[in-house]
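Enquirer: Chains H and U, in that order, give the protein sequences. For the first sequence, full-length UniProt numbering begins at 1 and goes up steadily by one. For the second sequence, full-length UniProt numbering begins at 1 and goes up steadily by one. From the three backbone atoms N, C-alpha and C, an ideal C-beta is built for every residue, glycine too. Just so you know, these numbers come straight off a predicted model, no measurement behind them.
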Amino acid sequence: MTTDNAIVFDRVTKTFPAASKPSVNETSLTIDKGMFVTILGTSGSGKTTLLKMVNRIIEPTSGTISVFGKDVRALPLTELRQSIGYVIQQVGLFPHMTIEQNIATVPNILGWDREKTNGRIKYLMDLVHLPADFRQRYPRQLSGGQQQRVGIARAMAGDPEVLLMDEPFGAIDAITRTRLQDDFLDIQRQLGKTVLFVTHDVDEALKLGNRIVVMNEGSIQQFDTPLGMVSNPANEFVRQLIGSDNLFLRLQLIRAEEKMTALTEPARAEEAHICTDDNLREALQLLLRQDARRVIVDNAQGTAVGQLTLDLIKMDRQG
Amino acid sequence: MDVLADAYAYVLENTDRFWEALRVHVSISLCALLAAIVICVPLGILCAKKQWLSAPIMGTFNSLRVIPSLAILVAVLPLLGTGFAPALVALTVLACPPILVNTYLGFRGVDPFVLESASGMGMGPNRILRKIEFPLAMPLILSGVRTAAVEVVASATLAAFIGGGGLGTFIINGLGMYNYSLLLVGAVPVALLAIFSEIVFAVIERTATKFQRA
Ligand SMILES: Nc1ncnc2c1ncn2[C@@H]1O[C@H](COP(=O)(O)OP(=O)(O)OP(=O)(O)O)[C@@H](O)[C@H]1O
Ligand SMILES: [Mg+2]
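1. When you check each C-beta in the segment 127-142 of chain U against every C-beta of chain H, which residues fall closer than 9 Å?
2. Does any C-beta atom of chain H lie closer than 7 Å to the C-beta of residue 26 (chain U)?
3. I'd like the span of the beta strand (DSSP E) that includes residue 224 (chain H), first residue to last.
4. Determine, for residue 116 (chain U), whether the minimum Cβ-Cβ distance to residues of chain H falls below 7 Å.
5. Using a beta-carbon distance below 7 Å, is residue 124 (chain U) in contact with chain H?
6. Distance check for residue 152 (chain H) and residue 113 (chain H), CA to CA, integer angstroms please.
7. Give the straight-line distance between the Cα atoms of residue 162 (chain H) and residue 43 (chain U), rounded to the nearest whole angstrom.
8. Hey, residue 130 (chain H) and residue 150 (chain H) are a contact pair by Cβ (cut 8 Å); roughly how many whole angstroms apart?
9. Cα-Cα, which of H:110, H:166 and H:147 is closest to residue 49 (chain H)?
10. Can you tell me whether DSSP reads residue 307 (chain H) as helix, strand or coil?
11. Would the segment 92-102 of chain H count as touching the segment 106-126 of chain U if we require 3 or more Cβ pairs under 8 Å?
12. Ligand 1 and residue 48 (chain H): does any heavy atom of the ligand fall closer than 6 Å to the residue's C-beta?
13. Looking only at C-alpha atoms, which of H:83, H:37 and H:36 sits nearest to residue 56 (chain H)?
14. Report the option in H:127, H:143 and H:171 whose CA atom is closest to the CA atom of residue 159 (chain H).
15. Under three-state DSSP, which class holds residue 6 (chain H)?
16. Counting only Cβ pairs nearer than 7 Å, list the residues of chain H close to residue 214 (chain U).
17. Using a Cβ-Cβ distance cut-off of 7 Å, determine whether residue 107 (chain U) contacts chain H.
18. Does DSSP put residue 40 (chain H) in a helix, a strand or coil?
19. What are the complete alpha helix (DSSP H) segments, minimum 4 residues, inside the segment 166-210 of chain H?
20. So is residue 28 (chain H) buried or exposed if we call it buried at 16+ other beta carbons inside 10 Å?
21. Is it the case that the CB of residue 169 (chain H) approaches a heavy atom of ligand 1 more closely than 6 Å?
22. Report buried or exposed for residue 199 (chain U), applying the criterion of at least 16 other Cβ atoms within 10 angstroms of its Cβ.
23. With distances taken from CA atoms, which of U:71, U:179 and U:102 is nearest residue 58 (chain U)?
24. Nearest-angstrom Cα distance between residue 135 (chain U) and residue 139 (chain H)?
25. Would you call the segment 65-76 of chain H and the segment 81-99 of chain U in contact, with 3 or more CB pairs under 8 Å?
26. Checking contacts by CB at 7 Å: is residue 44 (chain U) closer than that to chain H?
27. Taking the alpha-carbon positions, what's the residue 78 (chain H) to residue 159 (chain U) distance?
28. At a cut of 8 Å, does the segment 284-297 of chain H reach the segment 305-314 of chain H through at least three beta carbon pairs?
29. Just checking, does the segment 121-140 of chain U make contact with the segment 62-76 of chain U on the three C-beta pairs under 8 Å criterion?
30. Going straight from the alpha carbon of residue 167 (chain U) to that of residue 17 (chain U), what length do you get?
31. Measure the alpha-carbon distance for residue 144 (chain U) versus residue 100 (chain U) and round it to whole angstroms.
32. Are the Cβ atoms of residue 25 (chain U) and residue 156 (chain U) separated by less than 7 Å?
33. Could you work out which residues of chain H lie near residue 211 (chain U), taking near to mean beta carbons separated by less than 7 Å?
34. Is it buried or exposed, residue 319 (chain H), if we count other Cβ atoms within 10 angstroms and call 16 or more buried?
35. Which of the three DSSP states is assigned to residue 111 (chain U) in this structure?
36. Any heavy atom of ligand 1 closer than 6 Å to the CB of residue 45 (chain H)?
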């Protein structure tokens, strides 16, 4: 058992008392360190149940779950949870505590000294883009989006390797949600945390996850990369849910860099340009709008490093 | 006005008796209030956590409330005799229901998602009780104690009926002798005490609810 496996579910089943069928059924799943895994599925498919078994808010009926090679039942409950970040849709900030007191929850349990805790609060508020003068405010003085930023900071206070998030942006308006997604994606890339993120928003799942779990009726239908999920849906359910028939969706998941070819002739300034990190959908849009023969792909420094043509993008349909 | 002036004169002439009555009145009220807090706050928490216990426990205390205080005083006479002790018991019974009910409501009213995130972050049950549930339930608990305090201060006058002393002594004597100024020697301080305890608790409540008004 290597420590590269951040979270391992081994034939995990959960049947609630008095329930006729299991909410999570004989589920096995291995999540590597640093993966951002989104869990997608319709309501009642068992996403929350799967997530909450990791920090033992729900105890499995059978099977084992381990975090970094260690059975979650090996540690005392409180100790386990202090080492795992937990964020829920309802945020659940402590209304009688200021923002800094909220964030200091785990450091206080762990008995950090004042200076260390203070430094951590400062670092985290900066990380989640909260102005420093929010420290003394109470949660109700913040907007929903700001509150969830505090929720994330609070969950990360003890520097946990693993973060569990249950529809954290589910109650937030679309524009604010996009900003939160972008910022959180940045944070995850920067820190390399292992994230398990429940959502029922397909776009969110594809955008955030580098792996997606699709669940239906307590079973995992497919565990794959976003592109794999769109290109090769395992069954009709996944195809329908993800919208795999949507070509644009597929193009959106492929970066220009992955498909570009060498420049056939030097790039000129007046030609259409995109970045290596932009996706094929944006390239196609440019090609069509400008009625151009090719789009130039620039790297981060603005140097032309390749080109994309309509034929190249068409070829991609065959995968 | 004459009656009031007479009452004042009486107090001046009998300072020792007056202070002694006031002291007994205040101490019997405080003791009853403390006893009720010690009994009912834990019971209220228990009811909130173990739902099946709440019906029998709350029912018992509420039915006790229906019995007039005087009846309780008389009922405990054979057991505890006269004086301070039976008065204390009767007043404690009187103070219990508001504290019990408000503690229960205060704890039930804590947002379940706040509790979920607290335990999800690794706070143990004791820590959650101290750091989360108590502070959040405190405004309601305090308003229960405040209601109880006013009731107890006013009802402590009854203690005099069974020889418990206190400001009620003046009232009973005043009534018996048709001496209205003597009656006022008891009644006015009781009213002032009730108002005073209202004010004290209002101030305490304000500090406990600071976060709601920030
Ligand atoms: N505490 C519980 N007691 C009994 N049944 C439960 C409990 N929690 C969940 N269930 C059942 O388990 C199944 C899966 O629930 P779960 O909350 O995991 O779904 P979900 O995928 O998170 O759905 P949603 O998108 O609506 O949050 C549902 O059928 C639900 O009714
Ligand atoms: Mg759910």
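Expert: Result, derived from the coordinates:
1. 127, 131, 132, 135, 136 and 138
2. no
3. 219-224
4. yes
5. yes
6. 22 Å
7. Spanning the two alpha carbons is a distance of roughly 39 Å.
8. 7 Å
9. H:166
10. Judged by DSSP in its simplified three-state form, residue 307 (chain H) adopts strand.
11. yes
12. yes
13. H:83
14. H:127
15. Here residue 6 (chain H) sits in strand by DSSP.
16. The contacting residues are 138 and 141.
17. Chain H contact via Cβ: absent.
18. strand
19. 174-191 and 202-208
20. exposed
21. no
22. exposed
23. U:102
24. Rounded to the nearest whole angstrom, the CA to CA distance from residue 135 (chain U) to residue 139 (chain H) is 15 Å.
25. no
26. no
27. 51 Å
28. Result yes; three or more Cβ-Cβ pairs closer than 8 Å.
29. Flag = no, the segment 121-140 of chain U and the segment 62-76 of chain U do not touch.
30. Rounded to whole angstroms, the separation of the alpha carbons of residue 17 (chain U) and residue 167 (chain U) is 10 Å.
31. 8 Å
32. yes
33. 95, 96 and 138
34. Its pLDDT being 45, under 50, residue 319 (chain H) is placed unreliably in this model, and the coordinates cannot settle the point.
35. Correct three-state label for residue 111 (chain U): coil.
36. Flag set: Cβ of residue 45 (chain H) near ligand 1.
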